[in-house]
Each structure stands twice: as C-alpha cells, then as structure tokens.
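Peer 1: Residue numbers (the working numbering): 6 to 305.
Could you have a look at this structure, given as structure tokens, before my questions?
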Amino acid sequence: MSAKPSREDVQAVPRSLFSMLPNIYVLRPPQGKHSRKTDERCFIYCAQSVVGRVNRQTPRCRSLCLRKVFVHEVYKAVAVREAEGRREVIPVKAQIPLPQEGQDPAAFFWPVGDDDDEGAGAGTGKGREARCWDAGWYLWYSRNPWAARERINVMAMPLPVQATWEAHKKGANVKRAKGAGAGALGQDEARWSHVGPGMTRGGPLFPDLVGETVLFPVELPSFEPMQRMLTNVLAPAGRTLALVADTAKSGAFLQFSARWWEKATGPEPWTLARNSIEKAREVLKSWADEGDEDDKRKGL
Numbered sequence: 006m007s008a009k010p011s012r013e014d015v016q017a018v019p020r021s022l023f024s025m026l027p028n029i030y031v032l033r034p035p036q037g038k039h040s041r042k043t044d045e046r047c048f049i050y051c052a053q054s055v056v057g058r059v060n061r062q063t064p065r066c067r068s069l070c071l072r073k074v075f076v077h078e079v080y081k082a083v084a085v086r087e088a089e090g091r092r093e094v095i096p097v098k099a100q101i102p103l104p105q106e107g108q109d110p111a112a113f114f115w116p117v118g119d120d121d122d123e124g125a126g127a128g129t130g131k132g133r134e135a136r137c138w139d140a141g142w143y144l145w146y147s148r149n150p151w152a153a154r155e156r157i158n159v160m161a162m163p164l165p166v167q168a169t170w171e172a173h174k175k176g177a178n179v180k181r182a183k184g185a186g187a188g189a190l191g192q193d194e195a196r197w198s199h200v201g202p203g204m205t206r207g208g209p210l211f212p213d214l215v216g217e218t219v220l221f222p223v224e225l226p227s228f229e230p231m232q233r234m235l236t237n238v239l240a241p242a243g244r245t246l247a248l249v250a251d252t253a254k255s256g257a258f259l260q261f262s263a264r265w266w267e268k269a270t271g272p273e274p275w276t277l278a279r280n281s282i283e284k285a286r287e288v289l290k291s292w293a294d295e296g297d298e299d300d301k302r303k304g305l
C-alpha cells in the first residue's frame with residue numbers, strides 16, 4: 006500500500022507554463038427547454054372609480070401579452086432506426102389545441118352563438134377543426150380582470166398543461182350545466198381553483214370570456230421589399246466600384262498619371278501660360294487706348 010504524499014511533496018511539484026497563463030472560457034447558453042430566453046411579456050392596466058368601489062363593481066382592466074412559441078414546444082424528436090443501422094431523428098409536431106379565445110378570433114369582434122354546448126366549451130363548434138399551437142409569435146388581449154389573473158397563472162404552465170387546464174374548464178362547465186357540480190368543489194376542481202376565477206352563482210363554473218379575450222398569431226413584417234429597394238438604389242454604386250476596380254486592375258490609372266506628368270513637364274504648359282499672359286496684356290492695352298481716345302474727345 007503506497008503512502009499518501011506529504012504536503013511538502015505536493016508543493017514541490019513545478020507548475021507548467023500553461024498553468025500560469027490566463028484561462029479563457031467559452032460559455033454557451035442552454036438551448037431548447039432549458040433556455041433562459043423570455044418567451045412572454047404581459048402589460049396589465051386596471052382602474053377603479055370611487056362609485057365603483059362603493060358599489061363593489063369590477064374594475065376596468067386591459068391586458069396585453071406577447072408570446073413567443075419556440076420550436077421545441079410544439080415539436081417532439083422521434084428517433085427512427087433505418088435498415089442500414091443509422092439513426093435519424095425526425096421532428097413530429099404535437100397537436101396542442103389553442104385555448105378557447107384562440108379558436109375563433111373573429112368572435113371577439115363579432116360575438117356569435119355556438120352551435121352546441123360541446124362546441125361552446127372548446128370554441129370550435131360543429132364542422133370546425135380545432136386550431137393548434139405553432140412556432141411563432143402570438144398576441145393575447147383581454148379586457149376582463151379575471152382573464153388577466155388567469156393569464157398570470159397560465160404563464161407558469163407549458164403548453165400541454167395549458168391544454169389540460171382548458172379541458173378541465175370545459176368538463177367542469179359541462180358538469181355544472183348538468184347539475185353534477187352545483188355543490189361544493191370536487192377534488193379536481195379544488196386542484197385548479199387557484200388558476201381561474203371563482204365559482205359564480207347561477208352561472209358556469211368558469212365564465213365564457215370569448216367576447217372579451219382574443220388570441221391570434223402575429224406575422225412579423227418582412228424586410229424583403231426594403232432589401233429589394235436598397236439593392237436597386239445601391240446597384241449603380243456597385244457598378245461604379247466594379248468599373249473603378251477593373252480600371253485600376255488594368256493599369257489605366259497608371260497610364261493616365263504618366264501622361265499627365267509628361268504633359269506637365271513638357272513645353273505645352275509654359276506655352277499656354279505665355280499665350281495667356283500676352284492675351285491679357287493685349288486686352289489691358291486696348292482698354293488703356295480706349296481711355297486715352299475718350300480723354301482727347303473731351304479736351305482733357
């Protein structure tokens with residue numbers, strides 16, 4: 006059994022040159038479901054009047070949320086083994102239905118009655134295909150204070166849990182309508198009681214907020230037209246630079262500078278300067294002669 010090295014032996018080990026150099030660490034932020042990016046921002050404004058507080062009226066609220074749905078939230082990776090032994094990962098889209106306010110956004114502006122109770126709970130109705138979540142941006146807006154409270158609680162839920170919550174609300178309203186849930190809250194209702202509004206007397210357990218809440222996808226503006234316009238505007242500049250580059254590459258600038266220097270050092274500039282001076286002197290002399298003739302006419 007080998008003896009444990011002493012403290013003096015450990016300190017006597019020489020340090021390498023690389024250990025004295027400063028270390029550089031490249032940290033990559035986590036991606037996918039472990040990412041720390043913000044996926045939703047909400048702005049909620051509520052106001053109450055004096056008479057509204059005295060009469061215990063519901064405050065006026067406006068809520069606006071911008072939601073970014075990432076690819077990993079709506080796609081699942083499924084590994085498929087091929088015959089050659091290679092494993093290929095194929096993403097499969099999960100069919101997660103939108104909440105009730107996202108099934109028919111037009112109902113927010115033009116409220117209409119549902120075809121049946123089953124369609125009313127899901128917001129789809131007869132003959133309508135349920136809309137599902139997809140990757141991209143979504144805008145959520147509501148003017149109901151209970152919807153704002155519910156939205157804050159839903160922000161802690163992933164999309165599958167939100168779908169479970171919507172199914173629970175639908176089932177609870179159906180039971181309430183049939184008279185099975187008119188009494189105290191059951192175990193399932195108590196589990197979700199902290200998320201949405203409380204029980205209302207004589208009405209559904211969870212009120213219908215379709216006419217006061219809306220959810221719809223938002224398409225970001227495309228910069229392709231602006232890029233095309235800038236390309237057309239900068240196209241002449243590109244051609245000019247290309248022409249200048251070709252001229253410089255062919256040596257035309259050197260030939261032009263050589264000819265210019267040859268003309269500058271030759272007799273032509275001096276001849277031109279002499280002719281200009283003589284011409285100016287002749288003009289000044291003619292002006293002086295005209296002045297003398299005028300003086301003679303006036304008898305000066």
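All residues carry an ideal CB built from backbone N, CA and C; glycine is no exception.
(1) Grab me the residues of residue 122's own chain with a C-beta within less than 6 Å of its C-beta, minus the 5 sequence neighbours each way, in chain order.
(2) Under 7 Å between the Cβ atoms of residue 215 and residue 105?
(3) Can you tell me which of the three DSSP states residue 82 falls into?
(4) Quick check on residue 229: buried or exposed, where buried means 16 or more other Cβ atoms within 10 Å of its Cβ?
(5) Buried or exposed: residue 128, going by 16 or more other Cβ atoms within 10 Å of its Cβ?
(6) For the pair the segment 170-179 and the segment 90-98, tell me if three or more CB-CB distances fall below 8 Å.
(7) Counting beta carbon pairs with one atom in the segment 51-71 and one in the segment 132-141, are three or more of them shorter than 8 Å?
(8) Buried or exposed, going by whether 16 or more other CB atoms sit within 10 Å of the CB of residue 125?
(9) Excluding sequence positions up to five away, which residues of its chain have a Cβ less than 7 Å from the Cβ of residue 332?
(10) Ordered along the chain, which non-local residues of its own chain (more than five positions away) have a Cβ less than 7 Å from that of residue 67?
(11) If you follow the alpha helix (DSSP H) that residue 157 is part of, which residue opens it and which one closes it?
(12) How about residue 72 and residue 89: do their beta carbons lie closer than 7 Å?
Peer 2: Inspection of the coordinates gives the following:
(1) Counted from its first residue, the sequence shown places residue 122 at position 117. Here the model assigns residue 122 a pLDDT of 45, short of 50, so the residue's position is not dependable and the matter cannot be decided.
(2) Walking along the sequence shown from the start, residue 215 turns up at place 210. Walking along the sequence shown from the start, residue 105 turns up at place 100. In this structure, residue 105 lies closer than 7 Å to residue 215 by Cβ.
(3) Along the sequence shown, read from residue 1 onward, the residue named residue 82 stands at position 77. Correct three-state label for residue 82: strand.
(4) Along the sequence shown, read from residue 1 onward, the residue named residue 229 stands at position 224. Exposed.
(5) Counted from its first residue, the sequence shown places residue 128 at position 123. Here the model assigns residue 128 a pLDDT of 47, short of 50, so the residue's position is not dependable and the matter cannot be decided.
(6) Because the criterion of three Cβ pairs below 8 Å is not met, the segment 170-179 and the segment 90-98 do not touch.
(7) Not touching, per the Cβ criterion.
(8) Position 120 of the sequence shown, counting from 1, holds the residue named residue 125. Confidence is the limiting factor: at residue 125 the pLDDT is only 42, short of 50, which leaves the residue's position unreliable, though a coordinate-based value still follows. With 16 or more other Cβ atoms within 10 Å, it is buried.
(9) The structure shown has nothing for residue 332, since the chain only spans 6 to 305.
(10) What you label residue 67 is simply residue 62 of the sequence shown in a count that begins at 1. Within the same chain, 50 and 148 come within 7 Å of residue 67 by CB-CB distance, once the 5 residues on both sides are set aside.
(11) If you number the sequence shown from 1, residue 157 lands on position 152. Its alpha helix (DSSP H) spans residues 150-159.
(12) Here residue 72 corresponds to residue number 67 of the sequence shown, with the count starting at 1. Here residue 89 corresponds to residue number 84 of the sequence shown, with the count starting at 1. In terms of Cβ geometry, residue 72 and residue 89 do not form a close pair [threshold 7 Å].
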